[in-house]
Each structure stands twice: as C-alpha cells, then as structure tokens.
Amino acid sequence: MIVLGIETSCDETAAAVVDGEGRVLGQAILSQIAEHVPYGGIVPEIAARAHLAHVDRLVTKAMDDAGLRYADLSGIAATAGPGLIGGVLVGLMTAKAISAVHHLPLLAINHLEGHALTARFTDHVAFPYLLLLVSGGHCQLLAVEGVGRYRRLGTTVDDAAGEAFDKVAKMLGLGYPGGPAIARAAEAGDKTRFAFPRPLKGKPGCDFSFSGLKTAVRLAAEALPAGAFSEKDLADLAASFQAAVVESIADRVTRAVEIFRKDYPDGKALVVSGGVAANTELRAMLMKTAGKAGLSFAAPPPALCTDNAVMIAWAGVERLKLGLIDGLDFKARPRWPLDPTAPKATGAGVKA
Ligand code: KG4
Ligand code: ZN
548 MIVLGIETSC DETAAAVVDG EGRVLGQAIL SQIAEHVPYG GIVPEIAARA
598 HLAHVDRLVT KAMDDAGLRY ADLSGIAATA GPGLIGGVLV GLMTAKAISA
648 VHHLPLLAIN HLEGHALTAR FTDHVAFPYL LLLVSGGHCQ LLAVEGVGRY
698 RRLGTTVDDA AGEAFDKVAK MLGLGYPGGP AIARAAEAGD KTRFAFPRPL
748 KGKPGCDFSF SGLKTAVRLA AEALPAGAFS EKDLADLAAS FQAAVVESIA
798 DRVTRAVEIF RKDYPDGKAL VVSGGVAANT ELRAMLMKTA GKAGLSFAAP
848 PPALCTDNAV MIAWAGVERL KLGLIDGLDF KARPRWPLDP TAPKATGAGV
898 KA
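Right, here's the structure in full:
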C-alpha cells in the first residue's frame, strides 16, 4: 500500500509518500514562515495564495523523490479540515484532481487525526492510548480508541498552548513562531524568578487555560524598569513562562491519566503530538508523568510534530486499510472536531 498525502491547512505546504509499513518514500515541504513574519502571525489570504503557487511543484517533487508514478499509488490523501479554509481548499482540490484523473481512492483527512495517529507511524503504538494534542490552534486531551474514534477528556477554555507561546513571544519582541523562540530564550533563564500562575492547577477536570498566564507575563514585563529589559530579564521571563505552561499541562495530564487508566484498562501509552510537542521541557515532563503512571511514552520527532504531510499520508494509509474512502464531493471544513459529541468548553471568555 502506497499513499500520497498533501497538507495545506496552515502555513506549511507539504507533500509526502508513505507505505503501509510506515516508511517515508518521498517528501517535500515548504514553510511560509518568512512570508508571514512581517505581520507577526499567519495571514490567511497570503497563506492560501502561497499554497496555490507551490503545491503542484511539491507534489511532483515528493513523487520524484519516491521514484514513483501516480499509477503506483494505492490512494491520495489530503487535509480536508480543520484549518484556514483557503489553504485547505487548495490541497483538497489538488488531491481530488489527481484522484479523478488517475482513478485513485480519495482520503479526506482530518488534520487533527493526522497529528493523533503519528505515534502509530513512528512508534507503532496500539489502541487505545491517551493523547495530548498541543499545537498553535489546538490544545486537547483525547482517548484515542481507534481510527476515527476519539473521546475528548479536556480542551482549552481560551488559547491553545502554541497560541500562548506565540502571543507571549510577540509581546516580548521575540518574533514568530513564538514556541521555538521562547524555548531558546528560556535556556539561559532562571525559571524561578517570576512566580507566574499555574492556570487551573488543582482544579477538577482536564481543561486548559492560558490567557491569565499571558496577562501575568505582560504585567511582569511592564513592571521592569522604564519598560526596557535586559537579555537576562528576557531569558528569565521566557523560562518562568515556559515552566508555568509545562506545570499547568502536567497537572491536566495527570488528571487525564487517572481517567484513562480507569476507563481503558488495556491502554498502555501516553502520546504527545502537535507543534508544541517539539518543546524539550514539555517532553521531559510528560515522560516523567507517563513513567509514574506505568504508561509508556511516545513523542514523534519534532519534524513530525509540527505540520507535515507524512502524517496526512499515514492517516490515509490507516483509513484505506479500513476501506474508509471518501467521495469527490467531500467538502473542505474550517471546523471539524475529532469528538463531535464532546460538550463545548466553558470558562474564561468562552460562551456555552
Ligand atoms: O502543529 P503546528 O505546526 O501547527 C498547528 O497546527 O497549529 O504547531 C505550531 C505551533 C506554534 O504555535 C509554535 O509556536 C509551536 O507549535 N511550537 C512550539 C515549539 N515549536 C513549535 N511551542 C513550544 N516549544 C517549541 N519548541
Ligand atoms: Zn497541526
């Protein structure tokens, strides 16, 4: 089984070819970060145009890299949501065209399912497992019961974890994307200097919140002499913020582990995925939490944690193996929850 995957839901245009045994046969990825840097964040219209300009070339490059022709493929997968709709349309339409011309099964992939199943590709993790999905747009704890079967245990009531990193980095003048910039600045910092809140720590449930923490960082930065701060101040702010995020997530994950162990006695693994999973401090904390609970821990390598097409192609493989093929009339979806039955999150700034 060989599947070509296309990812265009955010600011990476990517194509990859993977096989049923979990090997990457070819890939090509183009980050648009440079085009969005002047605006301090992703501009949807610029993203959509850039995807359109590059997607065909990247698909060809991934196929050439694999040394394959379309006739060699078993299926074609593309992110069909959730994400910035202009970009999603570009990738999905490209896949539909290839599907129609070469008579290949179309696999319309939920981007979040791509992140969720990556650990099966990298670490062969068996269902069920507990997943922490932390990216720029999402922050959730899910019990992954099977392909297409997710139970949400917790979500954010305000910002996603990556969004908090990005906003704090912007506030501190560290640029975009914020996660890697904060992590770098924090390396030389003292994480005990600023006593930032650990949002929701000790509270029932597994939801997340980061907006109060963001405000605390802003107030601490503003309180420094004359509004200007030294490299040391910057490093300490970054380290203290990162420590607060990690400790808050640790508390939420510990609660989710309790629920998971009770409701899924055969579950054996804690998995992290999404862009923020590239954070070394977070990975170290999760490994410790999993160890304490007697669970194994799987974290894909950073290049497979941030957006990529390998995860989309692999989700395509998983779905194709189960015969879950989609029609050419499948519509791109700006929103597409993994667990549609989960109640809406309520809390700071979120209406029921
Ligand atoms: O999964 P992803 O590539 O795109 C989305 O689907 O959102 O995640 C991107 C997010 C950004 O918010 C970025 O700041 C964050 O992941 N990120 C990190 C790190 N590397 C990327 N956050 C914290 N530490 C990192 N090392
Ligand atoms: Zn993503």
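Residues in the sequence shown are numbered from 548 upward in steps of one, following the numbering used here.
The beta-carbon is built from N, C-alpha and C at its ideal position, and this holds for glycine as well.
Note that the structure is a prediction, hence the values are computed from the model and not measured.
Beta-carbon separation of residue i and residue j under 7 angstroms?
i	j	result
Gly709	Leu688	no
Ala575	Ala609	yes
Leu577	His601	yes
Glu554	Ile872	no
Val681	Ser756	no
Leu678	Val691	yes
Asp886	Tyr676	no
Leu620	Ile549	yes
Per DSSP, residue i forms a beta bridge with which residues?
i	result
Asn826	Answer is none; Asn826 lacks a bridge partner.
Asn855	DSSP output for Asn855 lists no bridge partner at all.
Tyr723	For Tyr723, which the question treats as bridged, DSSP gives no partner whatsoever.
Gly573	Val564
Ile656	Thr626
Arg696	Gly693
Applying the 10 Å Cβ sphere with the 16-neighbour rule, what's the burial state of residue i?
i	result
Pro746	buried
Pro847	buried
Val584	exposed
Thr739	exposed
Ala773	exposed
Gly695	exposed
Lys643	buried
Between which residues of its own chain and residue i is the CB-CB distance below 6 angstroms, once the five residues before and five after are set aside?
i	result
Ala837	Leu817, Phe844
Val564	Leu551, Leu572, Gly573, Ala609, Ala613
Ala561	Glu554, Ile576, Asn855, Ala856
Ile645	Ile623
Asn657	Trp883
Val804	Ala840
Ala655	Ala627, Asp873, Phe877
Ala831	none
Asp706	Phe757, Ser758
Within a Cβ cutoff of 7 angstroms, which residues of the same chain sit near residue i, ignoring the five residues on either side of it in sequence?
i	result
Asp780	Leu771
Leu721	Ala728, Ile729, Ala732
Ala791	Phe743, Pro744, Arg745, Leu760
Val635	Thr555, Ser556, Thr626, Ala627, Gly628, Ala879
Pro811	Checking the displayed sequence, the identity of residue 811 turns out to be Tyr instead of Pro. Around Tyr811: Pro675, Ala690.
Any Cβ of chain C within less than 7 angstroms of the Cβ of residue i?
i	result
Pro848	No chain C is part of this structure, which consists of one protein chain only.
Note down, in chain order, each residue of its chain lying with its Cβ closer than 8 angstroms to the Cβ of residue i, except the 5 sequence neighbours on either side.
i	result
Met718	Lys761, Val764, Arg765, Ala768
Glu592	Gly633
For ligand 2, residues whose Cβ lies under 5 angstroms from any non-hydrogen atom: Ser682, Asp854
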